[in-house]
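Visitor: Structure below; questions to follow.
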(Lines of atoms letter the chains of each structure in order from A and count residues from 1; the text may use other names and numbers.)
(Lines give C-alpha, C1' and ligand atoms only; values in the text may rest on other atoms or scores of the structure.)
Protein backbone atom coordinates (compact mmCIF):
# COMPACT_ATOMS: atom_id res chain seq x y z
CA UNK A 1 0.00 0.00 0.00
CA UNK A 2 2.07 2.95 -1.32
CA UNK A 3 -0.12 5.61 0.31
CA UNK A 4 0.08 4.07 3.79
CA UNK A 5 3.86 3.68 3.48
CA UNK A 6 4.08 7.35 2.47
CA UNK A 7 1.81 8.50 5.32
CA UNK A 8 3.96 6.54 7.80
CA UNK A 9 7.16 8.22 6.57
CA UNK A 10 5.46 11.63 6.70
CA UNK A 11 4.32 11.06 10.31
CA UNK A 12 7.84 9.99 11.31
CA UNK A 13 9.14 13.23 9.79
CA UNK A 14 6.60 15.27 11.79
CA UNK A 15 7.61 13.55 15.04
CA UNK A 16 11.30 14.24 14.38
CA UNK A 17 10.54 17.92 13.65
CA UNK A 18 8.69 18.11 16.98
CA UNK A 19 11.89 16.84 18.64
CA UNK A 20 14.00 19.36 16.71
CA UNK A 21 15.81 16.70 14.58
CA UNK A 22 15.34 18.49 11.25
CA UNK A 23 18.02 16.72 9.20
CA UNK A 24 16.64 13.25 10.00
CA UNK A 25 13.07 14.48 9.35
CA UNK A 26 14.10 15.60 5.84
CA UNK A 27 15.19 12.05 4.96
CA UNK A 28 11.73 10.66 5.83
CA UNK A 29 9.91 13.47 3.98
CA UNK A 30 11.78 12.74 0.74
CA UNK A 31 10.93 9.04 1.06
CA UNK A 32 7.26 9.96 1.62
CA UNK A 33 7.05 12.23 -1.42
CA UNK A 34 8.51 9.52 -3.71
CA UNK A 35 5.78 7.08 -2.64
CA UNK A 36 3.01 9.69 -2.99
CA UNK A 37 4.18 10.63 -6.50
CA UNK A 38 4.20 6.93 -7.50
CA UNK A 39 0.59 6.56 -6.29
CA UNK A 40 -0.35 9.96 -7.85
CA UNK A 41 -1.76 11.14 -4.52
CA UNK A 42 -1.98 14.94 -4.88
CA UNK A 43 -3.24 15.55 -1.36
CA UNK A 44 -0.41 13.58 0.25
CA UNK A 45 2.18 15.16 -2.05
CA UNK A 46 0.91 18.62 -1.05
CA UNK A 47 1.27 17.80 2.68
CA UNK A 48 4.86 16.62 2.25
CA UNK A 49 5.79 19.61 0.03
CA UNK A 50 4.56 21.89 2.81
CA UNK A 51 6.62 19.97 5.39
CA UNK A 52 9.74 20.08 3.16
CA UNK A 53 9.28 23.84 2.89
CA UNK A 54 9.37 24.03 6.71
CA UNK A 55 12.66 22.11 7.07
CA UNK A 56 14.40 23.90 4.18
CA UNK A 57 13.34 27.21 5.74
CA UNK A 58 14.86 26.02 9.02
CA UNK A 59 18.22 25.46 7.29
CA UNK A 60 18.06 28.93 5.69
CA UNK A 61 17.34 27.57 2.17
CA UNK A 62 14.50 30.06 1.62
CA UNK A 63 14.36 29.85 -2.19
CA UNK A 64 13.94 26.06 -2.08
CA UNK A 65 11.41 26.39 0.76
CA UNK A 66 9.35 28.93 -1.21
CA UNK A 67 9.28 26.63 -4.27
CA UNK A 68 7.93 23.77 -2.14
CA UNK A 69 5.35 26.08 -0.50
CA UNK A 70 3.94 27.30 -3.81
CA UNK A 71 3.90 23.73 -5.20
CA UNK A 72 1.92 22.66 -2.10
CA UNK A 73 -0.44 25.64 -2.47
CA UNK A 74 -1.18 24.72 -6.10
CA UNK A 75 -1.90 21.07 -5.18
CA UNK A 76 -4.13 22.08 -2.24
CA UNK A 77 -6.14 24.32 -4.61
CA UNK A 78 -6.53 21.40 -7.04
CA UNK A 79 -7.83 19.14 -4.23
CA UNK A 80 -9.95 21.95 -2.67
CA UNK A 81 -8.19 21.47 0.70
CA UNK A 82 -8.89 24.72 2.55
CA UNK A 83 -7.08 23.71 5.73
CA UNK A 84 -3.96 22.80 3.74
CA UNK A 85 -4.11 26.11 1.85
CA UNK A 86 -4.35 28.03 5.11
CA UNK A 87 -1.32 26.20 6.57
CA UNK A 88 0.79 26.95 3.48
CA UNK A 89 -0.30 30.62 3.45
CA UNK A 90 0.77 30.82 7.10
CA UNK A 91 4.19 29.33 6.25
CA UNK A 92 4.66 31.62 3.23
CA UNK A 93 3.89 34.58 5.49
CA UNK A 94 6.57 33.41 7.94
CA UNK A 95 9.13 33.22 5.11
CA UNK A 96 8.27 36.73 3.88
CA UNK A 97 8.61 37.97 7.48
CA UNK A 98 12.14 36.57 7.64
CA UNK A 99 12.85 38.45 4.40
CA UNK A 100 11.64 41.65 6.13
CA UNK A 101 8.63 41.93 3.80
CA UNK A 102 6.25 42.56 6.70
CA UNK A 103 3.33 43.97 4.67
CA UNK A 104 3.37 41.02 2.26
CA UNK A 105 3.64 38.64 5.23
CA UNK A 106 0.65 40.26 6.96
CA UNK A 107 -1.40 39.97 3.75
CA UNK A 108 -0.79 36.20 3.54
CA UNK A 109 -1.57 35.75 7.25
CA UNK A 110 -4.91 37.54 6.93
CA UNK A 111 -5.79 35.31 3.94
CA UNK A 112 -5.00 32.26 6.09
CA UNK A 113 -7.18 33.53 8.97
CA UNK A 114 -10.14 34.12 6.62
CA UNK A 115 -9.96 30.52 5.36
CA UNK A 116 -9.50 29.05 8.86
CA UNK A 117 -12.53 30.93 10.16
CA UNK A 118 -14.62 29.41 7.37
CA UNK A 119 -13.61 25.85 8.31
CA UNK A 120 -13.39 26.54 12.07
CA UNK A 121 -9.95 25.00 12.71
CA UNK A 122 -8.87 26.32 16.15
CA UNK A 123 -5.27 25.04 16.22
CA UNK A 124 -4.29 26.60 12.89
CA UNK A 125 -6.20 29.81 13.76
CA UNK A 126 -4.14 30.01 16.95
CA UNK A 127 -0.90 29.58 14.98
CA UNK A 128 -1.95 32.32 12.55
CA UNK A 129 -2.84 34.66 15.43
CA UNK A 130 0.56 33.99 17.01
CA UNK A 131 2.38 34.79 13.75
CA UNK A 132 0.38 38.02 13.36
CA UNK A 133 1.37 38.97 16.91
CA UNK A 134 5.05 38.33 16.17
CA UNK A 135 4.76 40.38 12.98
CA UNK A 136 3.27 43.33 14.86
CA UNK A 137 6.11 43.02 17.37
CA UNK A 138 8.65 43.49 14.58
CA UNK A 139 6.60 46.42 13.24
CA UNK A 140 6.76 47.81 16.83
CA UNK A 141 2.99 47.95 17.35
CA UNK A 142 2.89 46.65 20.97
CA UNK A 143 -0.91 46.77 21.51
CA UNK A 144 -1.67 44.74 18.39
CA UNK A 145 1.25 42.42 19.23
CA UNK A 146 -0.16 41.47 22.66
CA UNK A 147 -3.76 41.42 21.40
CA UNK A 148 -3.01 38.66 18.87
CA UNK A 149 -0.67 36.76 21.22
CA UNK A 150 -3.47 36.68 23.83
CA UNK A 151 -5.89 35.36 21.19
CA UNK A 152 -3.38 32.66 20.25
CA UNK A 153 -2.85 31.68 23.91
CA UNK A 154 -6.60 31.35 24.45
CA UNK A 155 -7.03 29.05 21.43
CA UNK A 156 -3.98 26.91 22.30
CA UNK A 157 -5.28 26.48 25.87
CA UNK A 158 -8.66 25.32 24.52
CA UNK A 159 -6.85 22.68 22.44
CA UNK A 160 -4.37 21.79 25.24
CA UNK A 161 -1.62 22.39 22.67
CA UNK A 162 1.56 22.51 24.76
CA UNK A 163 3.87 23.13 21.80
CA UNK A 164 1.82 26.15 20.73
CA UNK A 165 1.57 27.49 24.30
CA UNK A 166 5.34 27.27 24.74
CA UNK A 167 5.85 29.37 21.60
CA UNK A 168 3.32 31.99 22.78
CA UNK A 169 5.03 32.20 26.19
CA UNK A 170 8.41 32.59 24.48
CA UNK A 171 7.16 35.47 22.28
CA UNK A 172 5.42 37.14 25.25
CA UNK A 173 8.68 36.96 27.18
CA UNK A 174 10.49 38.61 24.25
CA UNK A 175 7.84 41.36 24.20
CA UNK A 176 8.17 42.18 27.92
CA UNK A 177 11.97 42.00 27.73
CA UNK A 178 11.95 44.45 24.83
CA UNK A 179 9.91 46.97 26.86
CA UNK A 180 11.97 46.40 30.06
CA UNK A 181 9.27 44.57 32.02
CA UNK A 182 11.85 42.11 33.27
CA UNK A 183 9.82 40.25 35.92
CA UNK A 184 7.03 39.38 33.47
CA UNK A 185 9.64 38.45 30.87
CA UNK A 186 11.24 36.02 33.35
CA UNK A 187 7.85 34.51 34.26
CA UNK A 188 6.91 33.72 30.64
CA UNK A 189 10.43 32.53 29.74
CA UNK A 190 10.40 30.01 32.64
CA UNK A 191 6.96 28.75 31.52
CA UNK A 192 8.27 28.25 27.97
CA UNK A 193 11.38 26.39 29.28
CA UNK A 194 9.28 24.04 31.46
CA UNK A 195 6.92 23.07 28.61
CA UNK A 196 9.66 22.66 25.99
CA UNK A 197 11.69 20.50 28.37
CA UNK A 198 8.58 18.37 29.02
CA UNK A 199 7.76 17.79 25.33
CA UNK A 200 11.42 17.18 24.39
CA UNK A 201 11.84 19.93 21.80
CA UNK A 202 15.56 20.54 22.32
CA UNK A 203 16.10 23.23 19.70
CA UNK A 204 13.17 25.35 20.95
CA UNK A 205 14.36 24.76 24.53
CA UNK A 206 17.79 26.12 23.58
CA UNK A 207 16.20 29.31 22.22
CA UNK A 208 14.22 29.85 25.44
CA UNK A 209 17.35 29.22 27.53
CA UNK A 210 19.19 31.90 25.56
CA UNK A 211 16.37 34.41 26.18
CA UNK A 212 16.29 33.53 29.90
CA UNK A 213 20.05 34.09 30.16
CA UNK A 214 19.61 37.58 28.68
CA UNK A 215 16.81 38.31 31.19
CA UNK A 216 19.00 37.24 34.15
CA UNK A 217 21.79 39.46 32.83
CA UNK A 218 19.35 42.41 32.67
CA UNK A 219 18.53 41.72 36.35
CA UNK A 220 22.27 41.77 37.15
CA UNK A 221 21.97 38.16 38.37
CA UNK A 222 25.15 37.09 36.59
CA UNK A 223 25.41 33.71 38.33
CA UNK A 224 22.07 32.54 36.93
CA UNK A 225 22.84 34.21 33.60
CA UNK A 226 26.15 32.32 33.29
CA UNK A 227 24.56 28.99 34.32
CA UNK A 228 21.65 29.39 31.87
CA UNK A 229 23.97 30.51 29.05
CA UNK A 230 26.10 27.38 29.63
CA UNK A 231 23.00 25.16 29.45
CA UNK A 232 22.01 26.91 26.20
CA UNK A 233 25.48 26.31 24.70
CA UNK A 234 25.42 22.61 25.70
CA UNK A 235 22.04 22.18 23.99
CA UNK A 236 23.25 23.93 20.80
CA UNK A 237 26.44 21.83 20.71
CA UNK A 238 24.42 18.65 21.21
CA UNK A 239 22.02 19.56 18.39
CA UNK A 240 24.91 20.44 16.05
CA UNK A 241 26.68 17.15 16.83
CA UNK A 242 23.53 15.13 16.11
CA UNK A 243 22.97 16.89 12.79
CA UNK A 244 26.63 16.37 11.82
CA UNK A 245 26.45 12.65 12.72
CA UNK A 246 23.31 12.28 10.63
CA UNK A 247 24.99 14.05 7.71
CA UNK A 248 28.06 11.81 7.84
CA UNK A 249 25.84 8.75 8.21
CA UNK A 250 23.82 9.79 5.17
CA UNK A 251 26.97 10.37 3.08
CA UNK A 252 28.38 7.02 4.20
CA UNK A 253 25.16 5.20 3.21
CA UNK A 254 25.17 6.91 -0.20
CA UNK A 255 28.84 5.97 -0.75
CA UNK A 256 28.28 2.33 0.29
CA UNK A 257 25.17 2.12 -1.88
CA UNK A 258 27.02 3.50 -4.92
CA UNK A 259 29.94 1.07 -4.33
CA UNK A 260 27.57 -1.90 -4.09
CA UNK A 261 25.72 -0.86 -7.24
CA UNK A 262 29.01 -0.62 -9.13
CA UNK A 263 30.11 -4.06 -7.89
CA UNK A 264 26.78 -5.61 -8.92
CA UNK A 265 27.06 -4.14 -12.41
CA UNK A 266 30.60 -5.46 -12.74
CA UNK A 267 29.54 -8.97 -11.64
CA UNK A 268 26.63 -8.96 -14.09
CA UNK A 269 28.95 -7.92 -16.91
CA UNK A 270 31.45 -10.68 -16.05
CA UNK A 271 28.68 -13.28 -15.84
CA UNK A 272 27.32 -12.20 -19.22
CA UNK A 273 30.80 -12.46 -20.78
CA UNK A 274 31.26 -15.93 -19.28
CA UNK A 275 27.89 -17.04 -20.67
CA UNK A 276 28.82 -15.73 -24.12
CA UNK A 277 32.20 -17.44 -23.94
CA UNK A 278 30.67 -20.75 -22.78
CA UNK A 279 28.07 -20.59 -25.54
CA UNK A 280 30.78 -20.21 -28.17
CA UNK A 281 32.77 -23.12 -26.67
CA UNK A 282 29.71 -25.39 -26.67
CA UNK A 283 28.96 -24.57 -30.28
CA UNK A 284 32.57 -25.18 -31.32
CA UNK A 285 32.84 -28.43 -29.29
CA UNK A 286 29.53 -29.73 -30.66
CA UNK A 287 30.68 -28.92 -34.18
CA UNK A 288 33.96 -30.86 -33.63
CA UNK A 289 32.14 -33.90 -32.23
CA UNK A 290 29.26 -34.03 -34.75
CA UNK A 291 31.14 -32.92 -37.81
CA UNK A 292 34.62 -34.26 -37.10
CA UNK A 293 34.77 -35.72 -40.60
CA UNK A 294 34.05 -32.30 -42.11
CA UNK A 295 36.87 -30.58 -40.22
CA UNK A 296 37.72 -28.28 -43.08
CA UNK A 297 34.13 -27.10 -43.45
CA UNK A 298 33.82 -26.71 -39.70
CA UNK A 299 36.93 -24.48 -39.70
CA UNK A 300 35.44 -22.30 -42.45
CA UNK A 301 32.10 -22.18 -40.59
CA UNK A 302 33.87 -21.12 -37.38
CA UNK A 303 35.73 -18.35 -39.21
CA UNK A 304 32.50 -17.03 -40.68
CA UNK A 305 30.79 -17.20 -37.28
CA UNK A 306 33.59 -15.18 -35.63
CA UNK A 307 33.45 -12.62 -38.39
CA UNK A 308 29.66 -12.42 -38.09
CA UNK A 309 29.88 -12.03 -34.30
CA UNK A 310 32.44 -9.27 -34.69
CA UNK A 311 30.20 -7.47 -37.19
CA UNK A 312 27.18 -7.96 -34.90
CA UNK A 313 29.20 -6.59 -31.97
CA UNK A 314 30.19 -3.51 -34.00
CA UNK A 315 26.57 -2.98 -35.02
CA UNK A 316 25.47 -3.27 -31.41
CA UNK A 317 28.10 -0.73 -30.37
CA UNK A 318 26.88 1.68 -33.05
CA UNK A 319 23.27 1.13 -32.00
CA UNK A 320 24.10 1.68 -28.31
CA UNK A 321 25.96 4.88 -29.16
CA UNK A 322 22.96 6.15 -31.16
CA UNK A 323 20.61 5.26 -28.28
CA UNK A 324 22.85 7.11 -25.80
CA UNK A 325 22.95 10.18 -28.03
CA UNK A 326 19.17 10.04 -28.39
CA UNK A 327 18.72 9.70 -24.61
CA UNK A 328 21.07 12.64 -23.98
CA UNK A 329 19.15 14.78 -26.48
CA UNK A 330 15.83 13.82 -24.83
CA UNK A 331 17.27 14.66 -21.40
CA UNK A 332 18.43 18.06 -22.63
CA UNK A 333 14.98 18.76 -24.10
CA UNK A 334 13.35 17.66 -20.83
CA UNK A 335 15.66 19.91 -18.78
CA UNK A 336 14.90 22.85 -21.08
CA UNK A 337 11.17 22.17 -20.78
CA UNK A 338 11.38 22.02 -16.97
CA UNK A 339 13.38 25.27 -16.95
CA UNK A 340 10.80 26.96 -19.20
CA UNK A 341 7.98 25.81 -16.94
CA UNK A 342 9.79 27.08 -13.84
CA UNK A 343 10.38 30.46 -15.49
CA UNK A 344 6.73 30.57 -16.60
CA UNK A 345 5.51 29.80 -13.06
CA UNK A 346 7.82 32.46 -11.63
CA UNK A 347 6.56 35.01 -14.17
CA UNK A 348 2.93 34.11 -13.43
CA UNK A 349 3.58 34.53 -9.69
CA UNK A 350 5.22 37.92 -10.25
CA UNK A 351 2.37 39.04 -12.56
CA UNK A 352 -0.22 37.94 -9.99
CA UNK A 353 1.53 39.87 -7.22
CA UNK A 354 1.88 42.94 -9.46
CA UNK A 355 -1.83 42.74 -10.37
CA UNK A 356 -2.87 42.62 -6.70
CA UNK A 357 -0.63 45.57 -5.84
CA UNK A 358 -1.98 47.54 -8.85
CA UNK A 359 -5.58 46.87 -7.83
CA UNK A 360 -4.82 47.88 -4.23
CA UNK A 361 -3.35 51.16 -5.45
CA UNK A 362 -6.43 51.74 -7.65
CA UNK A 363 -8.70 51.09 -4.65
CA UNK A 364 -6.84 53.57 -2.45
CA UNK A 365 -6.77 56.13 -5.29
CA UNK A 366 -10.53 55.70 -5.77
CA UNK A 367 -11.18 56.23 -2.07
CA UNK A 368 -8.95 59.28 -1.85
CA UNK A 369 -10.61 60.64 -5.02
CA UNK A 370 -13.96 60.48 -3.21
CA UNK A 371 -12.50 62.18 -0.14
CA UNK A 372 -10.80 64.96 -2.10
CA UNK A 373 -13.75 65.50 -4.45
CA UNK A 374 -16.26 65.83 -1.63
CA UNK A 375 -13.84 67.95 0.41
CA UNK A 376 -13.33 70.38 -2.51
CA UNK A 377 -17.05 70.53 -3.32
CA UNK A 378 -17.93 71.10 0.33
CA UNK A 379 -15.34 73.89 0.50
CA UNK A 380 -16.81 75.54 -2.62
CA UNK A 381 -20.33 75.17 -1.18
CA UNK A 382 -19.29 76.79 2.14
CA UNK A 383 -17.52 79.63 0.33
CA UNK A 384 -20.62 80.33 -1.81
CA UNK A 385 -22.78 80.24 1.28
CA UNK A 386 -20.51 82.79 3.05
CA UNK A 387 -20.36 85.10 0.01
CA UNK A 388 -24.14 85.03 -0.60
CA UNK A 389 -24.89 86.36 2.92
CA UNK A 390 -23.93 89.91 1.98
CA UNK A 391 -24.88 89.67 -1.75
CA UNK A 392 -28.03 90.79 -3.52
CA UNK A 393 -31.11 88.60 -3.92
CA UNK A 394 -30.33 87.53 -7.50
CA UNK A 395 -26.85 86.38 -6.51
CA UNK A 396 -28.23 84.50 -3.47
CA UNK A 397 -30.78 82.67 -5.68
CA UNK A 398 -28.06 81.61 -8.13
CA UNK A 399 -25.78 80.62 -5.22
CA UNK A 400 -28.53 78.43 -3.71
CA UNK A 401 -29.01 76.66 -7.07
CA UNK A 402 -25.28 75.99 -7.34
CA UNK A 403 -25.17 74.77 -3.70
CA UNK A 404 -28.11 72.41 -4.42
CA UNK A 405 -26.25 71.02 -7.48
CA UNK A 406 -23.11 70.52 -5.37
CA UNK A 407 -25.11 68.61 -2.71
CA UNK A 408 -26.59 66.37 -5.40
CA UNK A 409 -23.11 65.75 -6.85
CA UNK A 410 -21.75 64.81 -3.42
CA UNK A 411 -24.53 62.23 -3.03
CA UNK A 412 -24.22 60.73 -6.55
CA UNK A 413 -23.71 56.94 -6.39
CA UNK A 414 -21.62 56.61 -9.56
CA UNK A 415 -18.43 57.27 -7.56
CA UNK A 416 -19.45 54.57 -5.09
CA UNK A 417 -20.05 52.05 -7.90
CA UNK A 418 -16.59 52.74 -9.32
CA UNK A 419 -15.05 52.39 -5.85
CA UNK A 420 -17.05 49.19 -5.25
CA UNK A 421 -15.73 47.69 -8.51
CA UNK A 422 -12.08 48.31 -7.48
CA UNK A 423 -12.80 47.12 -3.94
CA UNK A 424 -14.26 43.74 -5.01
CA UNK A 425 -11.25 43.09 -7.27
CA UNK A 426 -8.98 43.27 -4.21
CA UNK A 427 -11.41 41.85 -1.60
CA UNK A 428 -13.33 39.21 -3.53
CA UNK A 429 -16.51 37.96 -1.85
CA UNK A 430 -16.48 40.61 0.92
CA UNK A 431 -20.01 41.95 0.30
CA UNK A 432 -21.51 38.47 -0.33
CA UNK A 433 -20.10 37.20 2.97
CA UNK A 434 -21.28 40.32 4.81
CA UNK A 435 -24.83 40.04 3.41
CA UNK A 436 -24.97 36.32 4.26
CA UNK A 437 -23.85 36.80 7.89
CA UNK A 438 -25.64 40.10 8.56
CA UNK A 439 -28.75 40.34 6.27
CA UNK A 440 -30.16 43.33 8.19
CA UNK A 441 -27.35 45.70 7.05
CA UNK A 442 -28.39 48.60 4.80
CA UNK A 443 -26.59 49.89 1.69
CA UNK A 444 -25.17 52.73 3.81
CA UNK A 445 -23.92 50.19 6.38
CA UNK A 446 -22.18 48.25 3.59
CA UNK A 447 -20.37 51.40 2.48
CA UNK A 448 -19.09 52.08 6.00
CA UNK A 449 -17.89 48.46 6.30
CA UNK A 450 -15.94 48.80 3.03
CA UNK A 451 -14.36 52.11 4.10
CA UNK A 452 -13.30 50.55 7.43
CA UNK A 453 -11.86 47.53 5.56
CA UNK A 454 -9.37 49.81 3.74
CA UNK A 455 -8.53 51.62 7.02
CA UNK A 456 -10.08 55.04 6.27
CA UNK A 457 -10.36 57.42 9.25
CA UNK A 458 -13.63 58.72 10.72
CA UNK A 459 -12.93 62.14 9.22
CA UNK A 460 -12.33 60.67 5.74
CA UNK A 461 -15.53 58.61 5.93
CA UNK A 462 -17.48 61.71 7.01
CA UNK A 463 -16.13 63.66 4.01
CA UNK A 464 -17.02 60.87 1.56
CA UNK A 465 -20.58 60.51 2.94
CA UNK A 466 -21.05 64.29 3.36
CA UNK A 467 -21.92 64.03 7.05
CA UNK A 468 -20.31 65.18 10.27
CA UNK A 469 -17.78 62.99 12.19
CA UNK A 470 -20.31 62.82 15.03
CA UNK A 471 -22.88 61.36 12.67
CA UNK A 472 -20.31 58.75 11.55
CA UNK A 473 -19.71 57.74 15.20
CA UNK A 474 -23.48 57.29 15.64
CA UNK A 475 -23.53 55.04 12.58
CA UNK A 476 -20.63 53.04 14.06
CA UNK A 477 -22.74 52.57 17.21
CA UNK A 478 -25.77 51.37 15.21
CA UNK A 479 -23.52 49.09 13.12
CA UNK A 480 -22.15 47.37 16.24
CA UNK A 481 -25.72 46.79 17.48
CA UNK A 482 -26.85 45.31 14.17
CA UNK A 483 -23.80 43.01 14.05
CA UNK A 484 -24.18 42.12 17.77
CA UNK A 485 -20.60 43.20 18.53
CA UNK A 486 -19.23 44.35 21.88
CA UNK A 487 -19.56 48.16 22.35
CA UNK A 488 -15.78 48.52 22.71
CA UNK A 489 -15.02 46.53 19.54
CA UNK A 490 -12.58 48.34 17.25
CA UNK A 491 -14.45 48.17 13.93
CA UNK A 492 -11.35 48.98 11.85
CA UNK A 493 -9.41 46.03 13.35
CA UNK A 494 -12.48 43.81 13.01
CA UNK A 495 -12.91 44.48 9.28
CA UNK A 496 -9.15 44.44 8.52
CA UNK A 497 -9.12 40.69 9.30
CA UNK A 498 -12.71 39.97 8.18
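Residue numbers (this note's numbering): 4 to 501.
A virtual CB, placed ideally from N, CA and C, is assigned to each residue, including glycine.
Given the structure is predicted, the values throughout are model-derived calculations rather than measurements.
(1) Please state the DSSP three-state secondary structure of residue 457.
(2) Using alpha carbons as the reference points, say which of 125, 207, 108 lies closest to residue 20.
(3) Mind checking whether residue 215 and residue 192 have CB atoms under 8 Å apart?
(4) Is it buried or exposed, residue 176, if we count other Cβ atoms within 10 angstroms and call 16 or more buried?
(5) Which of helix, strand or coil does DSSP assign to residue 104?
(6) For the alpha helix (DSSP H) that contains residue 177, what are its first and last residues?
(7) Across the segment 69 to 84 and the segment 40 to 56, are there enough close Cβ pairs to call them in contact, namely three or more that are closer than 8 Å?
(8) Quick check: what's the CA-CA separation for residue 83 versus residue 10?
(9) Do the CB positions of residue 23 and residue 242 come within less than 8 Å of each other?
(10) What is the rounded straight-line gap between the Cα of residue 240 and the Cα of residue 209?
(11) Which residues mark the beginning and the end of the alpha helix (DSSP H) in which residue 60 is found?
(12) Going straight from the alpha carbon of residue 386 to that of residue 376, what length do you get?
(13) At a cut of 8 Å, does the segment 395 to 407 reach the segment 421 to 435 through at least three beta carbon pairs?
(14) Taking only runs that begin and end inside the segment 131 to 170, name each unbroken alpha helix (DSSP H) of 4 or more residues, in chain order.
(15) So, are the CB atoms of residue 172 and residue 195 less than 8 Å apart?
(16) Do residue 41 and residue 15 come within 8 Å of each other at the CB atom, strictly closer than that value?
(17) I'd like the list of long-range same chain contacts for residue 384, defined as Cβ closer than 6 Å, with 5 residues on each side in sequence excluded.
(18) Residue 126 and residue 163: beta carbons closer than 8 Å?
(19) Comparing alpha-carbon positions, which option in 283, 298, 317, 296 lies nearest residue 3?
(20) Considering only their Cβ atoms, is the gap separating residue 115 from residue 92 smaller than 8 Å?
Guide: So, from the listed chains and residues:
(1) Of the three classes helix, strand and coil, the one that applies to residue 457 here is coil, per DSSP.
(2) Residue 207 is the option with its Cα nearest to residue 20.
(3) Between residue 215 and residue 192, the C-beta spacing is below 8 Å.
(4) Buried is the call here.
(5) In the structure shown, residue 104 falls within a coil segment according to DSSP collapsed to helix, strand and coil.
(6) First-last of the alpha helix (DSSP H) with residue 177: 165 to 181.
(7) Taking 8 Å as the limit for Cβ pairs, the verdict is that the segment 40 to 56 does touch the segment 69 to 84.
(8) Rounded to the nearest angstrom, the two C-alpha atoms are 20 Å apart.
(9) Less than 8 Å divides the Cβ of residue 23 from the Cβ of residue 242.
(10) C-alpha separation (whole angstroms): 10 Å.
(11) First-last of the alpha helix (DSSP H) with residue 60: 45 to 61.
(12) Answer to the nearest angstrom: the Cα atoms are 15 Å apart.
(13) No contact exists between the segment 395 to 407 and the segment 421 to 435.
(14) Taking only runs of at least 4 residues, the alpha helix (DSSP H) segments lying wholly in the segment 131 to 170 are 145 to 162.
(15) Against a cut-off of 8 Å, the Cβ pair of residue 195 and residue 172 comes out as a contact.
(16) Result no, Cβ atoms of residue 15 and residue 41 do not sit closer than 8 Å.
(17) Counting only Cβ-Cβ distances below 6 Å, and skipping sequence neighbours, we find 406, 409.
(18) At least 8 Å separates the beta-carbon of residue 126 from that of residue 163.
(19) Because the chain is modelled from 4 through 501, residue 3 falls outside the range shown and cannot be assessed.
(20) Yes, Cβ-Cβ distance for residue 92 and residue 115 is below 8 Å.
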